[in-house]
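Taken in order, the sequence shown gives residues 97 to 417; the numbers are from our numbering.
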Amino acid sequence: MKIDQLLDRYLKGEASLEEQQLVEQWLENPDQAATVWDELGASNQDEWLQKLYCRISNTIGAENKKIIKFKSWLKVAIASAAVLAGFLLTLLLWPKQKQPVAIASWTTVSAALGEKHYVMLEDSSSVWLNGGASIRYNTAPGHKNREVYLSGEAYFDVKHLPQRPFMVHTGKITTTVLGTAFNISADKLGSQVKVAVTRGKVQVAKAGEVLGLLTPNQQIVYEQRRQSYVQSHIATEVVLDWLPDDLYFDNTTFGEAALALAKQYNVQIKFGNEKLKNCRFTGTIKKDKTLDQALRVICEFNKATYKIKNNTVAIFGAGCE
């Protein structure tokens, strides 16, 4: 087959696979010696390039119809295609770009060595940090993701929000929950991570690979060095032994209980009515209870209501004489 016929078939999309490969090999190396391209005269070369260039030019919307040498034309075609692709991508993304984007604002909270620190998150989930532990989380207004990065040991009591899973990242391990209570312990390098569940169910994964689903009184211990993990049954009261002690109230005034709660959960407590401080009650707050759970019980005893904002608790009610 003559070269002009071959190129014509290629241009029309009628060339066989073998013929296409022959032409494309030449296109990749137009300077090779003694190619069949040289069999065409100068006028026939220009004519073929004119047809091919016009075909691609019409596809990408190029306006410059000037015939140029093949190598220069190839660079222009590639550049034009890239510009066109970028333009189309901009059009596709434009509706999304018009939407305001929440800028992440990360907050880090730590517990000093030998101390324990209570944190109330924006979604009302609570965290107890053991000595030396720290968490980092997004506090930007309007953010939807519930993600926490943990170093050390912490006990989480997560509020149930089905549409917003709660994720804790510890090294390469990610623990995902909807609403539950669990303990995570990890060294600073993340070489060993322990996840234990006291209530609900959690999923533990490493780099997207699910290691296991934990239910109450179950634990996974992951070893980075061995790239292995073990899932087992445990006594969660042993795992939670580091949490602050239970609070016991025996005919205690609300005012005295508030001081204990403020110290235990690292919050400020204010009374809307000073008479509330005079109310007395008897009861016990277990150490694994969240601030919200503790307040709910105490306020029910004393016919009061409460509101939590950031690290401040406001209590309202008629009070006692």
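The C-beta atom is built at its ideal place from N, Cα and C for all residues, glycine as well.
| Check | Outcome |
| --- | --- |
| Residue from Ala353, Val293, Ile269 with nearest C-alpha to Gln320 | Ile269 |
| Pair within 8 Å by beta-carbon distance, Gln464 and Thr401 | There is simply no residue 464 to check, as the chain begins at 97 and stops at 417 in what is shown. |
| For Ala356, three-class secondary structure by DSSP | helix |
| DSSP-derived helix/strand/coil call for Glu396 | helix |
| Close beta carbons around Cys395, own chain, < 8 Å, minus the five adjacent residues each side | Thr401, Tyr402, Ile411, Gly413 |
| Alpha-carbon to alpha-carbon, Ser112 and Pro258 | 56 Å |
| Bridge-paired residues (DSSP) for Ile381 | Leu343 |
| For Gln389, three-class secondary structure by DSSP | helix |
| Val291 vs Ile316 beta-carbon contact at 8 Å | yes |
| DSSP state of Arg105 mapped onto helix, strand, coil | helix |
| Residues sharing a beta bridge with Phe350, DSSP | Bridge partners of Phe350: none, in fact. |
| Status (buried if at least 16 other CB within 10 Å, exposed otherwise) for Tyr344 | exposed |
| Thr266: first and last residue of the uninterrupted beta strand (DSSP E) it sits in | 262-266 |
| First through last residue of the alpha helix (DSSP H) which encompasses Thr332 | 332-335 |
| For Asn234: DSSP bridge partner residues | Trp202 |
| DSSP-derived helix/strand/coil call for Lys371 | helix |
| Any non-hydrogen atom of the ligand GDP within 7 Å of Pro312 CB | This structure does not include the ligand GDP; it has no bound ligands of any sort. |
| Cβ shell of Val306 (< 7 Å), same chain only, five flanking positions each side left out | Gln299 |
| Which of helix, strand or coil DSSP assigns to Glu319 | strand |
| Buried or exposed by the 16-neighbour rule on C-beta atoms within 10 Å, applied to Asn406 | exposed |
| Lys382 versus Gly351, Pro340, Lys399, Leu355, residue with shortest Cα-Cα distance | Pro340 |
| Those residues which DSSP pairs with His329 across a bridge | Gln314 |
| Beta-carbon gap between Lys297 and Leu310 smaller than 8 Å | yes |
| Three-state class that DSSP yields for Leu118 in the structure shown | helix |
| Residue from Ser201, Asn347, Lys284, Leu225 whose Cα sits closest to the Cα of Ala208 | Leu225 |
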